[in-house]
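Enquirer: So the sequence shown is numbered by numbering that gives the first Met the number 0: it starts at 0 and just counts up by one.
For every residue, glycine included, the Cβ atom is placed at its ideal position computed from N, Cα and C.
Because the structure is a prediction, the values reported are computed rather than measured.
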Amino acid sequence: MMLRRPRRLRANKAIRNLVRETKLNVEDFIYPLFIVEGEGIKREISSLPDVYHFSVDRLEDEIKELRELGLEHVILFGIPHDHEKDECGSEGFNENGVIQRAVRRIKEVDPEMNVITDVCMCEYTSHGHCGILNEQGYVKNDVTLDYLTKIAISHAKAGADMVAPSDMMDGRIKALRDGLDEAGFENIGIMSYSVKYASTFYGPFREAANSAPAFGDRKTYQMDPANSNEALIEAELDVLEGADILMVKPALSYLDVIRRVKDHFDLPLAAYNVSGEYAMLKSAVKNGILAEGAIYESVMSIKRAGADIIITYFAKDLAKMLKEMK
Ligand code: PBG
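1) Going by beta carbon distance, what residues of the same chain come within less than 6 Å of Arg205, once the five residues before and after it are set aside?
2) Using a 10 Å radius around the Cβ and a threshold of 16 neighbouring Cβ atoms, would you call Val272 buried or exposed?
3) Taking the alpha carbon of Leu68 as the point to measure from, which residue in Asn24, Arg57, Asn93 and Glu276 has its own alpha carbon closest?
4) Please go through the same chain and pick out, in chain order, the residues whose beta-carbon is closer than 8 Å to the beta-carbon of Phe214, but skip the five residues on each side of it.
5) Let me know the secondary structure DSSP gives Ala304 once reduced to three states.
6) Does DSSP put Glu122 in a helix, in a strand, or in coil?
7) With 16 other CB atoms within 10 Å as the buried threshold, where does Thr124 fall?
8) How many Å lie between Arg9 and Val247 at the Cα?
9) Are there any heavy atoms of the ligand PBG lying less than 7 Å away from the beta-carbon of Gly275, as far as the coordinates show?
10) Looking only at C-alpha atoms, which of Thr21, Asp316 and Lys325 sits nearest to Ile29?
11) By Cβ distance, which residues of its chain are closer than 7 Å to Leu47, with the 5 residues on each side in sequence left out?
12) Just the Cα atoms here: how many angstroms apart are Tyr201 and Ala234?
13) Tell me which same chain residues have a C-beta within less than 6 Å of the C-beta of Glu176, skipping the five on either side of it?
14) So Ser153 packs on Glu107, CB below 8 Å; how close in whole Å?
15) By the DSSP assignment, the alpha helix (DSSP H) with Glu229 in it spans what residues?
16) By the three-class DSSP mapping on this structure, what secondary structure does Leu289 have?
17) For the ligand PBG, is there any heavy atom lying closer than 7 Å to the beta carbon of Cys119?
18) DSSP has Glu43 in a bridge; who is on the other side?
19) Which first and last residues belong to the alpha helix (DSSP H) in which Asn326 is found?
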């Protein structure tokens with residue numbers, strides 16, 4: 000006699016639904032939006048099929064579509080004109096900058112939409128690095144913090160609900176927390192890109208955001224993909240400095256790191272299913288090499304690994320898939 004027959008719990012769809020350990024929900028997803036200067040623009044991004052550049056005046060329909068799909072969290076990335084870029088990314092804290100206008104517009108269209116803004120300088124600096132450079136081209140840490148704080152405060156003033164610093168400077172969470180509090184924004188949360196690797200998987204994003212560094216790479220500030228103890232050090236600092244949500248980025252090549260961070264810390268954990276991960280899978284599905292189920296399975300693996308929140312360009316695809324599965 001065989002006492003244990005695990006197949007009993009796989010016998011039909013209802014049973015499988017009943018014992019499913021991990022469930023993807025539309026509430027888990029944050030959808031990235033790329034906002035460009037100009038008017039009347041909704042243009043597919045060549046490196047990211049089915050993802051678009053929007054000018055502020057074209058956001059309304061997109062926000063309504065997200066709401067209809069049940070998606071209520073967006074993270075915004077701004078792409079200024081080239082001529083607006085300078086050494087210290089000052090367009091990033093212009094109160095009429097592309098992000099500041101986009102936040103105000105989204106809140107007009109849908110006040111309940113949870114608007115998170117990416118806080119970084121690489122889209123705004125002429126050299127494409129995430130901070131202020133010294134003569135040798137090294138990103139200076141502490142002076143960069145002052146600029147990041149200005150950017151975060153200007154996003155909060157525009158009406159952002161939460162800021163997400165992605166620069167990887169040391170001490171930035173405390174700097175942002177102090178700055179936001181002093182400016183009266185103690186209720187604006189910080190989702191920290193706590194564990195952000197120097198990854199080749201950001202390639203399509205950098206094309207989309209026109210933010211590739213003009214020289215060198217980001218290895219003096221983003222983490223070495225070989226390290227996972229260091230992930231715990233970074234996450235712990237963010238906890239101590241006052242982050243509200245931690246993040247691991249990228250996601251799919253770092254599922255072990257997601258699990259370690261989840262096991263060590265009790266804050267909500269986000270994972271960023273980045274542009275390269277999206278582009279690979281999306282092209283395989285579009286070209287008929289893989290079935291759409293591969294998207295569901297991959298994003299499921301991120302949640303199973305321990306992520307509570309998933310930032311993903313697949314959010315709309317998944318919202319539709321989840322609806323159909325009901
Ligand atoms: C800005 C930033 C990047 C991403 C999110 N914020 C690019 C980078 O660090 O070079 C990447 C997101 C993605 O690849 O989807 N610093």
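Expert: So, from the listed chains and residues:
1) Numbered from 1 along the sequence shown, position 206 holds the residue referred to as residue 205. Closer than 6 Å at the Cβ level, and outside the excluded window around Arg205, lie Ala211.
2) One-based indexing of the sequence shown puts residue 272 at position 273. The residue asked about is misnamed: residue 272 is Asn in this sequence, not Val. Buried, because 16 or more other Cβ atoms sit within 10 Å of the Cβ of Asn272.
3) For the purposes of this step, residue 68 is taken as residue 69 along the sequence shown, with counting starting at 1. The residue among Asn24, Arg57, Asn93 and Glu276 with its C-alpha nearest the C-alpha of Leu68 is Asn24.
4) For the purposes of this step, residue 214 is taken as residue 215 along the sequence shown, with counting starting at 1. Counting only Cβ-Cβ distances below 8 Å, and skipping sequence neighbours, we find His126 and Gly136.
5) Taking the first residue of the sequence shown as 1, we reach residue 304 at position 305. Helix at Ala304.
6) The residue labelled residue 122 in the question sits at position 123 within the sequence shown. Three-state DSSP puts Glu122 in coil, outside helix and strand.
7) The residue labelled residue 124 in the question sits at position 125 within the sequence shown. Classification for Thr124: buried.
8) By one-based count along the sequence shown, residue 9 stands at place 10. By one-based count along the sequence shown, residue 247 stands at place 248. Computed Cα separation, rounded: 33 Å.
9) Counting from 1 along the sequence shown, the entry for residue 275 is found at position 276. Here the distance from the Cβ of Gly275 to the nearest heavy atom of the ligand PBG is below 7 Å.
10) Indexing the sequence shown from 1 puts residue 29 at position 30. Distance from the Cα of Ile29 is smallest, within the candidate group Thr21, Asp316 and Lys325, for Asp316.
11) Locating residue 47 in the sequence shown gives position 48, where the first residue counts as 1. Answer for Leu47: Pro203, Ala207, Ser274, Tyr277, Ala278 and Tyr312, listed in chain order.
12) Working through the sequence shown from its first residue, we reach residue 201 at position 202. Working through the sequence shown from its first residue, we reach residue 234 at position 235. Those two C-alpha atoms are separated by around 21 Å.
13) The residue you call residue 176 lines up with position 177 of the sequence shown. It should be noted that the sequence gives Arg, not Glu, for residue 176. Around Arg176: Gly241.
14) Residue mapping note: residue 153 aligns to position 154 of the sequence shown, counting from 1. Residue mapping note: residue 107 aligns to position 108 of the sequence shown, counting from 1. Contact flag wrong, Cβ pair sits at about 18 Å.
15) On the sequence shown, residue 229 is found 230 positions in, with the first residue counted as 1. Unbroken alpha helix (DSSP H) run through Glu229: Asn228 to Glu240.
16) Counting from 1 along the sequence shown, the entry for residue 289 is found at position 290. Coil.
17) As a first step, residue 119 must be located in the sequence shown, where it is residue number 120. Within the cutoff, so yes.
18) For the purposes of this step, residue 43 is identified with residue 44 of the sequence shown, where counting begins at 1. Answer by DSSP bridge pairing, in chain order: Tyr51.
19) No statement about residue 326 is possible, as the shown extent of the chain runs from 0 to 325 and does not include it.
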